[in-house]
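Here is the structure we will look at, set down as structure tokens.
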Amino acid sequence: MEHPLQSLWKKPARLVVGLMSGTSADGVDAALTRITGWGLDTRVEPLGFHFLPFSPETRQRILTLCGGEVGGSREICLMAVHLGKLYAQAVGELLQKTGAASIDLIGVHGQTVYHIPEETPYLGTSLRGTLQIGDPSYLAEEFRCPVVSDFRIRDMAAGGLGAPLVPYTEFLLYRSEREDVALQNIGGIGNITFLPAGGRLEDVVAFDTGPGNMVMDALASRLTHGEAAYDDGGRLAAAGKVIPEMLAWMLEDPYLAKQPPKTTGREYYGAEYVEKLLRFGDYPMQDVLATATRFTAESIALSLRRFAPRLPARLVVGGGGSRNPTLLRFLQQALPACKIQTQEDLGLDSDAKEAVAFAILANEALFASCNNAPAATGARHGVVMGRINL
127 MEHPLQSLWK
137 KPARLVVGLM
147 SGTSADGVDA
157 ALTRITGWGL
167 DTRVEPLGFH
177 FLPFSPETRQ
187 RILTLCGGEV
197 GGSREICLMA
207 VHLGKLYAQA
217 VGELLQKTGA
227 ASIDLIGVHG
237 QTVYHIPEET
247 PYLGTSLRGT
257 LQIGDPSYLA
267 EEFRCPVVSD
277 FRIRDMAAGG
287 LGAPLVPYTE
297 FLLYRSERED
307 VALQNIGGIG
317 NITFLPAGGR
327 LEDVVAFDTG
337 PGNMVMDALA
347 SRLTHGEAAY
357 DDGGRLAAAG
367 KVIPEMLAWM
377 LEDPYLAKQP
387 PKTTGREYYG
397 AEYVEKLLRF
407 GDYPMQDVLA
417 TATRFTAESI
427 ALSLRRFAPR
437 LPARLVVGGG
447 GSRNPTLLRF
457 LQQALPACKI
467 QTQEDLGLDS
477 DAKEAVAFAI
487 LANEALFASC
497 NNAPAATGAR
507 HGVVMGRINL
């Protein structure tokens with residue numbers, strides 16, 4: 127009897143869905159791709175994208191769980207099943223939208239509810255860890271195909287930070303022999319990948335730059351008394367003024383000076399950080415939001431100047447932040463020598479980029495190909511990330 131994965135290994139191309147729900151906790155990104163080959167021979171054709179928003183109640187419970195102080199094993203159990211069913215709903219709606227009758231493989235990142243990249247005392251020892259939830263069994267049952275999930279922990283077991291994971295896929299898709307290219311994702315957290323011209327995987331520089339939309343989203347919600355989950359089009363920030371002394375204080379953040387490899391998340395830039403901004407002085411909320419928006423841009427520019435071997439010819443921005451013209455304007459001002467582009471400028475979809483990445487990471491796992499970037503995560507060696515649910 128043929129092994130269930132053998133038929134996929136023999137296929138010249140596979141229909142693969144990638145799923146991502148990030149630190150913004152706003153919903154599920156689902157991307158349908160056709161992938162041929164693996165490793166350096168990987169070729170990806172985007173076939174469709176769908177976004178399934180979380181209900182306000184689901185988003186709030188996720189954010190509460192991410193705080194680490196509320197909830198317990200019972201709620202994490204229930205939320206994992208709830209998310210698993212939402213992931214299956216997102217894939218079903220994606221297939222209906224694209225007309226695809228069936229798929230070969232699914233890669234699902236899961237929802238990070240806690241990430242501990244630094245050694246933390248626990249029960250007489252010190253540990254690092256990460257937890258993504260959203261049960262993949264519901265996807266496997268619904269679509270009758272292998273599902274690859276739980277990517278990050280394998281990299282951490284090899285001494286890595288479990289993040290960032292996207293640089294491996296960016297190396298496969300965006301590397302250039304002629305020019306240095308940097309890719310900046312601005313989701314809840316910002317992360318950058320620097321691809322030197324003609325470089326190898328071990329030459330890639332990648333790390334989390336700091337908050338992306340996370341702080342801005344929280345301030346926009348405060349400013350609108352909960353009516354807006356984010357600053358749509360950057361209009362709220364555009365109406366404010368940057369507070370120089372607050373920006374200077376934010377740029378002294380120790381995380382920004384920390385040498386890569388490094389990663390961060392809601393544990394660092396969550397509710398407590400936002401409260402510090404609000405207590406900084408008696409300033410209009412719009413000005414605080416404008417300052418936080420400028421800070422995201424300046425933190426990206428500072429990261430490139432400090433840790434990239436040189437400024438890239440092009441900086442390609444993806445994620446929700448690429449749809450914030452105020453942020454992009456600040457970023458261009460902070461990096462006048464770089465050509466700032468979005469995924470759309472390349473004929474791609476900013477919203478789909480990370481979901482496509484997890485389709486690629488799942489395809490690599492299928493072929494038992496090492497799919498981390500040790501230079502970015504700090505792992506001792508390459509590993510095959512992802513657990514396969516048949």
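Numbering (the working numbering), first residue to last: 127 to 516. Every residue, glycine too, gets a C-beta built ideally from N, C-alpha and C.
Once the 5 residues before and after residue i are set aside, which same chain residues still bring their CB inside 8 Å of it?
| i | result |
| --- | --- |
| ARG169 | ILE161, THR162 and GLY163 |
| GLU245 | SER252, LEU253 and ARG254 |
| VAL207 | ASP261 and TYR264 |
Is residue j closer than 8 Å to residue i when the C-beta atoms are compared?
| i | j | result |
| --- | --- | --- |
| VAL368 | ALA416 | yes |
| ASP343 | SER150 | yes |
| GLY366 | PRO410 | yes |
| THR224 | LEU173 | yes |
| VAL217 | PHE269 | yes |
| PRO435 | CYS464 | no |
| GLY360 | PRO451 | yes |
| GLN469 | SER476 | yes |
| THR390 | ILE312 | no |
| PHE297 | MET511 | no |
| ALA418 | LEU345 | yes |
| ASP281 | VAL509 | yes |
| GLY193 | ALA397 | yes |
| LEU220 | ALA156 | yes |
| ASP152 | ALA355 | yes |
| LEU327 | ILE318 | no |
| LEU487 | PRO130 | no |
| GLN222 | LEU178 | no |
| ILE514 | ALA491 | yes |
| ASP230 | LYS136 | no |
| VAL292 | GLU128 | no |
| SER429 | THR335 | yes |
Hey, residue i and residue j are a contact pair by Cβ (cut 8 Å); roughly how many whole angstroms apart?
| i | j | result |
| --- | --- | --- |
| ASN498 | TYR294 | 6 Å |
| ILE232 | VAL143 | 5 Å |
| PHE320 | PRO290 | Going by Cβ atoms, the distance from PHE320 to PRO290 rounds to 12 Å, so no, they are not a contact pair. |
| VAL519 | TYR213 | Past the edges of the chain, shown from 127 to 516, lies residue 519, and the structure says nothing about it. |
| VAL307 | ARG440 | 5 Å |
| LEU209 | ILE242 | With a Cβ gap of about 20 Å, LEU209 and ILE242 do not count as contacting. |
Go through its chain and collect everything with a Cβ distance to residue i's Cβ below 6 Å, but skip five positions before and after it.
| i | result |
| --- | --- |
| ALA460 | ALA423, GLU424 and ALA427 |
| PHE406 | MET372 |
| GLU171 | ARG160 |
| ARG301 | LEU321 |
| LEU257 | VAL239 and TYR240 |
| PRO386 | PHE333 and PHE433 |
For residue i, which residues from the same chain have a beta carbon less than 7 Å from its beta carbon, with the 5 sequence-adjacent residues on both sides left out?
| i | result |
| --- | --- |
| HIS507 | ALA284 and PRO500 |
| SER133 | none |
| LEU362 | ALA346, LEU349, GLN412 and LEU415 |
| CYS496 | GLY508, VAL509 and VAL510 |
| ALA485 | VAL142, VAL143, GLY144, ALA157, THR159, ILE161 and GLY233 |
| ASP471 | none |
| PHE456 | THR419, ARG420 and ALA423 |
| ASN323 | Just to set this straight, residue 323 is Ala in the shown sequence, not Asn. Within the same chain, ALA323 has close Cβ partners SER302, GLU303, ARG304, GLU305 and ASP306. |
| GLY504 | GLY285, GLY286, LEU287 and PRO387 |
| ALA364 | THR452 |
| ASN339 | SER150, ILE312, GLY313, GLY314, TYR356, GLY446 and GLY447 |
Residue i CB to nearest chain D CB: under 8 Å?
| i | result |
| --- | --- |
| THR238 | No chain D appears in this structure, which consists of one protein chain only. |
Entirely within the region 317-362 and at least 3 residues each: give me those beta strand (DSSP E) ranges in chain order.
331-337
Are there three or more Cβ pairs, one per stretch, closer than 8 Å when the region 442-456 is compared with the region 391-407?
no
Spell out a yes or no on whether the region 187-194 and the region 237-244 are touching, meaning 3 or more CB-CB pairs, one atom from each, closer than 8 Å.
yes
Which ranges would you report for the alpha helix (DSSP H) in the region 181-249 if only whole runs of at least 4 residues count?
182-192 and 199-224
Could you tell me which uninterrupted beta strand (DSSP E) segments, each at least 3 residues in length, are contained entirely in the region 437-471, listed from first to last along the chain?
440-444 and 465-468
Contained beta strand (DSSP E) runs [length at least 3] in the region 250-308, N- to C-terminal order
251-259 and 273-275
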